[in-house]
Amino acid sequence: MSLDPRSIFSQVTQPMLIIGGEKDLQCEPADVDRIAKLVKYPVEAHVITNLTHILRFDEGEPSMLGVTRLIKKPMEPIVPEMIAKWLKQQTG
608 MSLDPRSIFS QVTQPMLIIG GEKDLQCEPA DVDRIAKLVK YPVEAHVITN LTHILRFDEG
668 EPSMLGVTRL IKKPMEPIVP EMIAKWLKQQ TG
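Residue 608 is where the sequence shown starts when you use my numbering, and the numbers rise one by one after that.
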């Protein structure tokens, strides 16, 4: 089965928060802007410096081999903080 992201995101009918990582090896940081342009509703989009796909900071070169080291660390606090702030803005 193949997915067409353009078709999926162009059908979004709710505000959307998009958080991407500069060092995400599974989703290119440029995808954040691409997705934001497809959504017709209000979008807040962020690419966080040094953030990986597993929501941890990595100061070194991004590598799939680093996942075993990074997964032992807690999620970066900036991620839930951004989510909480966005949700508060959405709910008034």
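Glycine included, each C-beta is placed from N, C-alpha and C at the ideal position.
According to DSSP, is VAL650 helix, strand or coil?
-> Strand.
Could you check which residue in PRO612, GLU688, LEU624 and ILE690 has the C-alpha nearest to that of VAL650?
-> Residue LEU624 is the option with its Cα nearest to VAL650.
Got a sec, what are the start and stop residues for the alpha helix (DSSP H) LEU694 sits in?
-> From DSSP, the alpha helix (DSSP H) with LEU694 extends over 685-698.
Taking buried to mean at least 16 other C-beta atoms within 10 Å of its own C-beta, is ARG613 buried or exposed?
-> So ARG613 counts as exposed.
Proximity below 9 angstroms, CB of GLU629 to CB of LEU658 | It is a contact, given that the beta carbons lie within the stated cut-off.
Among VAL646, LYS679 and PHE664, which one has its Cα closest to the Cα of VAL686?
-> With distances taken between Cα atoms, VAL686 lies closest to PHE664.
Closest to LEU712 by CA distance: which of SER617, GLN621 and PRO681 is it?
-> With the chain running from 608 to 699 in the structure shown, residue 712 is simply not present.
Distance, LEU672 Cα to GLY699 Cα = Answer to the nearest angstrom: the Cα atoms are 42 angstroms apart.
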